[in-house]
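Going left to right, the sequence shown walks through residues 1 to 109 as the UniProt record's numbering numbers them.
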Amino acid sequence: MYVQRDGEGKLVCVSREPTATCDEFMAPDDQELLFFLSDGNERNEQSQFHASDLAFVRVLEDVLDLLMDKGVISFTDLPDAARRKIMDRQSLRRRYNDVDLVGDDEPLI
């Protein structure tokens, strides 16, 4: 996502594509961006919880990858439902990355 900031550094506009005014890249799971998209409602605990979930899912994916890379667990050790969810998520990430919704150095989630 690309954002525009005001003179105080606060987000004022978000775009999927870079524009003349939205030229700063921000990861889609960035806490500041998620807060802005939730209309800045600090009391919106559900939105904050959702943002935390998104960030934590990425951590869990990295931990699973690390454990599999080190041979601690095997993909086939996981239950069928978990394997399907992991494969679905990897497929989604590849599709989003292929359409350049995020930068080359940034994961989608």
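From the three backbone atoms N, C-alpha and C, an ideal C-beta is built for every residue, glycine too.
- A buried status is given to Asp29, since no fewer than 16 other beta-carbon atoms sit within 10 Å of its beta-carbon.
- The secondary-structure analysis by DSSP pairs Ser15 across a beta bridge with Tyr2.
- Residue environment: Val63 is assigned as exposed (fewer than 16 neighbouring CB atoms within 10 Å of its CB, all protein chains considered).
- Nearest to Arg58 by alpha-carbon distance, out of Thr19, Val12, Arg89, Ser74, is Arg89.
- If you ignore the 5 residues before and after Leu78, its C-beta comes within less than 6 Å of no other C-beta in its own chain.
- Distance from Phe36 to Tyr2 at the Cβ level is roughly 13 Å; contact not present, criterion being Cβ atoms closer than 8 Å.
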